[in-house]
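Asks:
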Amino acid sequence: MTTLARTVPDLSKLEALDGSNYKRWSLRMLIFLEHLEVDGMLYNDPPTELSGIPASSSEASMDIGDKNTSTEALSSTDTQRYERNNRTARIHILSHLSNPIFDLVAHTKSAKVIWETLLKKYGGEDAGRKRYAVGNWLNFKMVDNLPIMDQVHQFESLTADVLVDGMNICSMF
Numbered sequence: 016m017t018t019l020a021r022t023v024p025d026l027s028k029l030e031a032l033d034g035s036n037y038k039r040w041s042l043r044m045l046i047f048l049e050h051l052e053v054d055g056m057l058y059n060d061p062p063t064e065l066s067g068i069p070a071s072s073s074e075a076s077m078d079i080g081d082k083n084t085s086t087e088a089l090s091s092t093d094t095q096r097y098e099r100n101n102r103t104a105r106i107h108i109l110s111h112l113s114n115p116i117f118d119l120v121a122h123t124k125s126a127k128v129i130w131e132t133l134l135k136k137y138g139g140e141d142a143g144r145k146r147y148a149v150g151n152w153l154n155f156k157m158v159d160n161l162p163i164m165d166q167v168h169q170f171e172s173l174t175a176d177v178l179v180d181g182m183n184i185c186s187m188f
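So that you can map any letter, position 145 of the sequence shown is 160 in this note's numbering, and since no number is skipped, the others follow by simple counting.
Laid out in structure tokens, this is it:
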């Protein structure tokens with residue numbers, strides 16, 4: 016049997032979150048965490064075994080004589096997997112934050128709580144940012160002294176900024 020080695024994407028080019036680049040930063044970070052298969056830590060609560068409550072009623076109906084499926088074994092495995100994945104996600108998120116933002120959330124032990132805190136603080140609607148993006152897009156003008164492809168790329172970038180902020184562009188434009 017052959018096994019494929021999983022490559023880890025290079026995050027050295029990912030800018031640290033400074034507050035103004037949240038949307039792009041969060042998308043890139045999410046892609047990275049998905050690749051590592053720990054993105055569930057951002058949305059899921061810890062297994063209920065961590066709080067002492069069985070995860071499902073099916074555990075209570077397990078055959079008591081089957082030692083391989085005991086609640087203790089499931090609890091220990093789930094707990095260890097959760098802690099490992101949470102630690103991995105937390106480390107990668109914290110390592111790509113600017114110093115002031117790092118200081119804000121470094122004490123938090125849950126990757127989910129960090130992710131939600133950053134979303135609340137930087138992911139909300141910002142009318143000023145939207146107005147700035149639309150203004151740049153509307154004021155764009157082609158000029159004769161620059162290569163046309165550079166200008167096309169600049170226009171595509173301005174269009175992407177408008178679309179990333181969740182605004183639609185009328186088909187007439």
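Where is the CB? At the ideal position from N, CA and C, for every residue including glycine.
1) Mind checking Leu178: buried by the 16 CB within 10 Å criterion, or exposed?
2) Count the other CB atoms within 10 Å of the CB of Met157; is the residue buried (16 or more) or exposed (fewer)?
3) Measure from the alpha carbon of Trp40 to the alpha carbon of each residue in Thr94, Leu112 and Asp54, then state which is nearest.
4) Quick one: any contact between the region 122–133 and the region 99–110, if contact means 3 or more CB pairs under 8 Å?
5) Around the C-beta of Phe155, are 16 or more other C-beta atoms found within 10 angstroms, so that it is buried, or is it exposed?
6) If we define contact as Cβ-Cβ less than 8 Å, is His122 a contact residue for chain D?
7) Cα separation between Asp81 and Gly139?
8) Thinking C-alpha only, which one of Arg144, Phe170 and Asn101 is nearest Thr123?
9) What does the Cβ neighbour count give for Val167, buried or exposed, with the cut at 16 atoms within 10 Å?
10) State the CB to CB distance for the pair Asp93 and Pro62, rounded to an integer number of angstroms; the pair is presumed to be in contact (CB under 8 Å).
11) Roughly how many angstroms separate the alpha carbons of Ala88 and Arg105, rounded to a whole number?
12) Would you please state the rounded distance, in angstroms, between the beta carbons of Leu45 and Asp54? I believe it to be under 8 Å.
13) Quick check on Leu173: does DSSP put it in helix, strand or coil?
14) Between Asn160 and Gln169, what straight-line distance do the alpha-carbon atoms span, to the nearest angstrom?
15) Please classify Leu29: does DSSP put it in a helix, a strand, or coil?
16) For Leu119, which of helix, strand or coil comes out of DSSP?
17) At 4 residues or longer, what runs of the alpha helix (DSSP H) sit wholly inside the region 133–159?
18) State the Cα-Cα distance for the pair Lys135 and His50, rounded to the nearest angstrom.
Replies: To lay it out plainly:
1) exposed
2) Exposed is the call here.
3) For the residues Thr94, Leu112 and Asp54, the minimum Cα distance to Trp40 belongs to Leu112.
4) Verdict: yes, contact present.
5) exposed
6) The chain labelled as chain D is not found in the depicted structure, where only one protein chain is given.
7) Low confidence applies to Asp81: its pLDDT is 41, below 50, so where it sits in the model is not reliable, and the reading given next is rough at best. Going from the Cα of Asp81 to the Cα of Gly139 covers about 50 Å.
8) The option with the nearest alpha carbon to Thr123 is Asn101.
9) With a 10 Å radius around the Cβ and a threshold of 16 neighbouring Cβ atoms, Val167 comes out exposed.
10) 4 Å
11) Residue confidence for Ala88 is low, a pLDDT of 49 falling below 50, so the modelled location carries little weight and cannot support an answer.
12) 6 Å
13) helix
14) 15 Å
15) coil
16) helix
17) As summarised for the region 133–159, the continuous alpha helix (DSSP H) elements at least 4 residues long and confined to that stretch are 142–153, given in chain order.
18) 24 Å
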